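The numbering of the sequence shown is UniProt numbering, which starts it at 1 and goes up by one.
All C-beta atoms in this analysis are idealised placements derived from N, C-alpha and C, irrespective of residue type, glycine included.
For clarity, every value in this text was computed on a predicted model and none was experimentally measured.
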Amino acid sequence: MSRNKPVKRQKLASEGFTGRTAYFVSRAFLNLRQNIFVSLLTIGTISLALLIIALFLLVYVNLEGMAESWSEKVQVTAFFDRELAQQEVVALKGKVQSLSGTDKVVYVSKDEAMKRFRARLKGQETLLEGVAPEVLPSSMEISLKKENRSSEMVDAYVARLKLVPGISEVQYGEEWVKRFNTFMNFMRLVGALLGGFLILAGLFIVSNTIKLTIYARKDELEVLGLVGATRFFIKAPFLIEGIFQGAVGALLALLILTACYFGFLHNAGNFLSFNLAATGLSFLPVSYLVALFLGGIGVGFLGSLTSLKRFITI
Numbered sequence: 001m002s003r004n005k006p007v008k009r010q011k012l013a014s015e016g017f018t019g020r021t022a023y024f025v026s027r028a029f030l031n032l033r034q035n036i037f038v039s040l041l042t043i044g045t046i047s048l049a050l051l052i053i054a055l056f057l058l059v060y061v062n063l064e065g066m067a068e069s070w071s072e073k074v075q076v077t078a079f080f081d082r083e084l085a086q087q088e089v090v091a092l093k094g095k096v097q098s099l100s101g102t103d104k105v106v107y108v109s110k111d112e113a114m115k116r117f118r119a120r121l122k123g124q125e126t127l128l129e130g131v132a133p134e135v136l137p138s139s140m141e142i143s144l145k146k147e148n149r150s151s152e153m154v155d156a157y158v159a160r161l162k163l164v165p166g167i168s169e170v171q172y173g174e175e176w177v178k179r180f181n182t183f184m185n186f187m188r189l190v191g192a193l194l195g196g197f198l199i200l201a202g203l204f205i206v207s208n209t210i211k212l213t214i215y216a217r218k219d220e221l222e223v224l225g226l227v228g229a230t231r232f233f234i235k236a237p238f239l240i241e242g243i244f245q246g247a248v249g250a251l252l253a254l255l256i257l258t259a260c261y262f263g264f265l266h267n268a269g270n271f272l273s274f275n276l277a278a279t280g281l282s283f284l285p286v287s288y289l290v291a292l293f294l295g296g297i298g299v300g301f302l303g304s305l306t307s308l309k310r311f312i313t314i
């Protein structure tokens with residue numbers, strides 16, 4: 001009498017960390033395939049939202065770069081209340097240099113001022129014939145430290161500078177600085193509102209996509225709950241599905257952004273015959289790209305979590 005050979009029991013997907021992970025991932029991709037159209041729509045929506053945010057960030061980063069470059073050229077010019085001797089100029093220069101926020105002080109004599117004026121009128125120097133350098137005032141050009149170039153800091157610095165004995169008048173691009181700072185603050189506000197709206201839209205889309213999948217598998221999920229499956233075991237595939245949609249949407253947005261940026265610069269450079277390096281334009285820093293990618297994953301995860309909390313109570 002022959003004995004039946006013992007049948008080796010197949011290891012269930014729910015056994016062990018690796019097995020459970022494999023099951024969750026396979027179940028998530030099955031959900032994606034079963035709702036391929038809705039999944040693609042969700043990925044496209046997340047991608048579009050992140051692309052708009054990325055484009056706005058790209059514009060903002062380059063505006064910040066321009067502001068930084070321009071702020072280096074913003075100078076405070078101080079004029080004297082009388083003609084100063086050389087020793088008085090040195091002493092006054094030392095006082096100005098000692099002021100908090102001062103980076104560099106350059107004395108501009110009357111002769112130097114006339115030389116600069118002639119350079120500006122290049123080709124029309126005859127207009128200055130008979131004009132003596134004495135008609136132009138001597139002055140000090142003051143460059144401020146990087147952390148002291150905001151509108152408020154410049155105003156405070158100018159107020160302190162006017163108190164220095166020997167200085168009668170101070171000039172700088174006050175209106176320009178204030179207008180540009182106001183514009184940058186407006187851009188920050190618009191960016192925050194736009195980013196918040198698009199992120200909420202992405203959460204809404206992902207949440208509704210997961211809801212459709214839950215409805216389609218409602219009976220199966222109820223059975224899993226009845227046989228003792230934990231909430232995590234039931235929810236994990238949906239969370240992975242949302243994370244995948246967010247990650248793919250973010251990656252697609254970054255690829256489109258990269259292609260558009262470098263494609264535009266290349267074609268514009270060839271068409272207009274300019275040096276790309278001379279434009280001063282820069283791409284998003286790596287930290288921004290990583291933040292956008294993680295943001296996409298976060299949108300997918302939170303969108304899934306929102307729908308799961310509402311619909312899975314077993």
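Could you compute how far the alpha carbon of arginine 231 sits from the alpha carbon of glycine 191? For the purposes of this step, residue 231 is taken as the residue at position 231 of the sequence shown. For the purposes of this step, residue 191 is taken as the residue at position 191 of the sequence shown. The straight-line gap from Cα to Cα measures roughly 38 Å.
Determine whether the beta carbon atoms of glycine 65 and serine 282 lie at a separation below 8 Å. On the sequence shown, residue 65 is found 65 positions in, with the first residue counted as 1. On the sequence shown, residue 282 is found 282 positions in, with the first residue counted as 1. Result yes, Cβ atoms of glycine 65 and serine 282 sit closer than 8 Å.
Where lysine 218 falls: helix, strand or coil (DSSP): The residue labelled residue 218 in the question sits at position 218 within the sequence shown. Helix.
Whole-angstrom C-beta distance between isoleucine 46 and glycine 249, which should lie under 8 Å: By 1-based counting over the sequence shown, the position of residue 249 is 249. By 1-based counting over the sequence shown, the position of residue 46 is 46. Yes, they are in contact, since the Cβ atoms of glycine 249 and isoleucine 46 sit about 3 Å apart, within 8 Å.
Measuring CB to CB, does lysine 162 end up less than 8 Å from aspartate 103? If you number the sequence shown from 1, residue 162 lands on position 162. If you number the sequence shown from 1, residue 103 lands on position 103. Contact flag unset, no.
What distance in whole Å lies between the Cβ atoms of isoleucine 234 and valine 299, which are believed to be in contact at a cut-off of 8 Å? Translated into positions along the sequence shown, residue 299 becomes position 299. Translated into positions along the sequence shown, residue 234 becomes position 234. The C-beta distance from valine 299 to isoleucine 234 rounds to 22 Å, too long to meet the 8 Å contact threshold.
Ends of the alpha helix (DSSP H) at tyrosine 23? By one-based count along the sequence shown, residue 23 stands at place 23. Where tyrosine 23 is concerned, the enclosing alpha helix (DSSP H) stretches over 17–34.
In chain order, what residues of the same chain lie with their CB nearer than 6 Å to the CB of glycine 202, ignoring the 5 residues before and after it? As a first step, residue 202 is located in the sequence shown; it is residue number 202 there, counting from the start. Closer than 6 Å at the Cβ level, and outside the excluded window around glycine 202, lie Ile46, Ala49, Val299.
In chain order, which continuous runs of the alpha helix (DSSP H) of length 4 or greater are located wholly inside the UniProt domain "FtsX extracellular" (74–170)? Counting only runs of 4 or more, we get 86–97, 110–120, 151–161.
With DSSP as the reference, label serine 39 as helix, strand or coil. Taking the sequence shown and counting its residues from 1, one reaches residue 39 at position 39. Note: serine 39 maps to helix in three-state DSSP.
Other residues of its chain near serine 39: CB distance less than 7 Å, five sequence neighbours each side excluded: Against the sequence shown, residue 39 aligns to sequence position 39. Excluding five sequence positions before and after serine 39, the CB atoms of its chain that fall closer than 7 Å to its own CB belong to Leu32, Thr209, Gln245, given in chain order.
Distance between beta carbons of alanine 28 and isoleucine 214, contact taken as under 8 Å: What you label residue 214 is simply residue 214 of the sequence shown in a count that begins at 1. What you label residue 28 is simply residue 28 of the sequence shown in a count that begins at 1. Not confirmed; about 13 Å, so no contact.
Let me check understanding here. Comparing Cα to Cα, which of Phe293, Phe301, Ser168 lies closest to residue 316? There is simply no residue 316 to check, as the chain begins at 1 and stops at 314 in what is shown.
Take phenylalanine 56 and list the residues in its own chain whose beta-carbon comes closer than 7 Å to its own, dropping the five residues that flank it on each side. Your numbering for residue 56 matches position 56 in the sequence shown. Within the same chain, phenylalanine 56 has close Cβ partners Gly191, Leu194.
Rounded C-beta distance between alanine 113 and leucine 92? I'm assuming under 8 Å. Counting from one through the sequence shown, the residue named residue 113 turns up at place 113. Counting from one through the sequence shown, the residue named residue 92 turns up at place 92. Rounded, the Cβ-Cβ distance is 17 Å, inconsistent with contact.
Can you tell me the Cα-Cα spacing of phenylalanine 79 and arginine 188, whole angstroms? Start at 1 with the first residue of the sequence shown, and residue 79 comes out as number 79. Start at 1 with the first residue of the sequence shown, and residue 188 comes out as number 188. Roughly 37 Å separates the two Cα atoms.
I think leucine 257 touches leucine 84, with their Cβ atoms under 8 Å apart; what is that distance to the nearest whole Å? The residue you call residue 257 lines up with position 257 of the sequence shown. The residue you call residue 84 lines up with position 84 of the sequence shown. Not quite, the Cβ-Cβ distance comes to about 56 Å (not below 8 Å), so this is no contact.
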